[in-house]
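Each residue of the sequence shown is one higher than the last, beginning at 0 in numbering that gives the first Met the number 0. A virtual CB, placed ideally from N, CA and C, is assigned to each residue, including glycine. Fair warning: this is a prediction, and the values are worked out from it, not measured in the lab. Read the structure below first, then the notes.
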Amino acid sequence: MKRLITCICILIVGASCVLRTPKKAPQYEQELLGTDEFTVFLTGNVLGALKPCGCSGGQLGGLERRPAIFDTVHEQQRLIIDTGSFVKSDGEQDLIKYHIIVQALQQLDYDLIGINEEDIETGRNIGMLESIESSFNIISSHGTADMDAPAKFT
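Next comes the structure, spelled out in structure tokens:
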């Protein structure tokens, strides 16, 4: 019995030492900077869904989860693009979501935003078109010159 208690104590002490040992953080950045790899992140069609709806399991979306994915690649080796379609309609709640989505894309350091006709019109209606122009490189296939919308090509 004494031997059993001694073995249990040794196992507990050993387990606590293993759990207290600090683990090294992954060295993603150092490993990737020496390679020729380049990653393109392509997002879009948010349609006002700021978080996953929870209607089915295994959903990986949501604006708050994007930084965890983007940060796996060094910023010099990635391009982050959004294809637009920020909201479904121009209702009051969608206009609030539009504003939040644009702010989130600014904080996530998107490199390029492709905006569609609805995004341009909604941005113009709520006075955010200039904010979008100054924050992002923008492209659109909806004739930005005809719509008097900003566009930058780099």
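Under DSSP, F40 forms a beta bridge with I79. Assigned with DSSP and collapsed to three states, G122 falls in helix. V101 is classed as buried because its beta carbon has at least 16 other beta carbons within 10 Å across all chains shown.
Excluding residues up to 5 positions away in sequence, I80 lie with their Cβ nearer than 6 Å to the Cβ of L41 in the same chain.
Cβ-Cβ separation between G43 and T82: approximately 3 Å, consistent with a contact (criterion under 8 Å). Per DSSP, I114 lies in no alpha helix (DSSP H) and is assigned neither H nor E. No Cβ-Cβ contact shorter than 9 Å links F85 with D110. Distance from the CA of T34 to the CA of D118, rounded to the nearest whole angstrom, comes to 37 Å. Rounded to the nearest whole angstrom, the CA to CA distance from L62 to A103 is 7 Å. At a Cβ-Cβ threshold of 9 Å, G113 and S140 count as neighbours. Between E116 and T71, the alpha-carbon positions lie close to 33 Å from each other.
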